[in-house]
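Quick note: the sequence shown uses the numbering used here, first residue 15, plus one each step.
Structure first, commentary second.
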Amino acid sequence: MAENEFPGWHGTTIVGIRKGGEVVVAGDGQVSLGQTVIKGSARKVRRLSPGGHDIVAGFAGSTADAFALLERLEAKLEATPGQLQRASVELAKDWRTDKYLQKLEAMLIVTDGTDLFVITGAGDVLEPEYGIAAIGSGGNYALAAARALIDTDADAETIARKAMGIAAEICVYTNGNLTVERIGQ
15 MAENEFPGWH
25 GTTIVGIRKG
35 GEVVVAGDGQ
45 VSLGQTVIKG
55 SARKVRRLSP
65 GGHDIVAGFA
75 GSTADAFALL
85 ERLEAKLEAT
95 PGQLQRASVE
105 LAKDWRTDKY
115 LQKLEAMLIV
125 TDGTDLFVIT
135 GAGDVLEPEY
145 GIAAIGSGGN
155 YALAAARALI
165 DTDADAETIA
175 RKAMGIAAEI
185 CVYTNGNLTV
195 ERIGQ
């Protein structure tokens, strides 16, 4: 099988919801290779504590690539304690200009409980509209569901769980085995 014929790794939906003084990041646990589910309980949402500051990050894409990016993000946060936006911009600049990092295939959602960002390999640090960020194979489904629910009385965690449930029902690369992390202001 030629390298470009090898079926790609698919999976993951990550959603971040900022509402009512808290941010919730939720992710599913499915990792697929081609049409096969390799693992259903992967943990793609993690709590980081660089320099004693609480950060929650969720990743979509290659796990090894995402871990490399999370390590770099932690180093940037240690160099700029309490400045998530600055650390995120520095990571995105490195990711865009470093030849090794340019090959990494992942995206991140990060939050410190106040700010919520999507970081991409194209050098983007995006603050999402409506306090909702979503990435991964089922990201658009989760985003649409969360946007429909954001103006209801539901709290951030309820919205995240419902949005992930809808994405899992639609996207074959997303399951209902959730990891949910909450962080407040």
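Virtual Cβ for every residue (Gly too), placed ideally from N, Cα, C.
The structure displayed is predicted, hence computed values, not measured ones.
Per-residue DSSP class, three states only, for residue i
i: G179; result: helix
i: L157; result: helix
i: L140; result: strand
i: I164; result: coil
i: L62; result: strand
i: P21; result: Unreliable positioning characterises P21 in this predicted model, as indicated by a pLDDT of 47, which lies under 50. The coordinate reading is nonetheless provided below. Coil.
i: E119; result: coil
Assigned exposure category for residue i - 16 Cβ within 10 Å defines buried
i: S102; result: buried
i: Y187; result: buried
i: I52; result: exposed
i: G153; result: buried
i: A78; result: exposed
i: I197; result: buried
i: Y155; result: buried
i: K117; result: exposed
i: Q44; result: buried
i: S151; result: buried
i: G66; result: exposed
i: F20; result: Residue placement at F20 cannot be trusted, given a pLDDT of 41 that sits under 50; the coordinates are not used to answer.
Delimiting residues of the alpha helix (DSSP H) encompassing residue i
i: T111; result: L98 to T111
i: R5; result: Residue coverage of the chain in this structure runs from 15 to 199, which leaves residue 5 outside it and unanswerable.
Residue span of the beta strand (DSSP E) that contains residue i, given as start and end
i: S46; result: V45 to L47
i: G198; result: T193 to G198
Opposing strand residues paired with residue i [DSSP bridges]
i: L130; result: T125
i: E36; result: K33 and G198
For residue j and residue i, believed in contact at Cβ under 8 Å, the rounded distance
i: I146; j: I164; result: 6 Å
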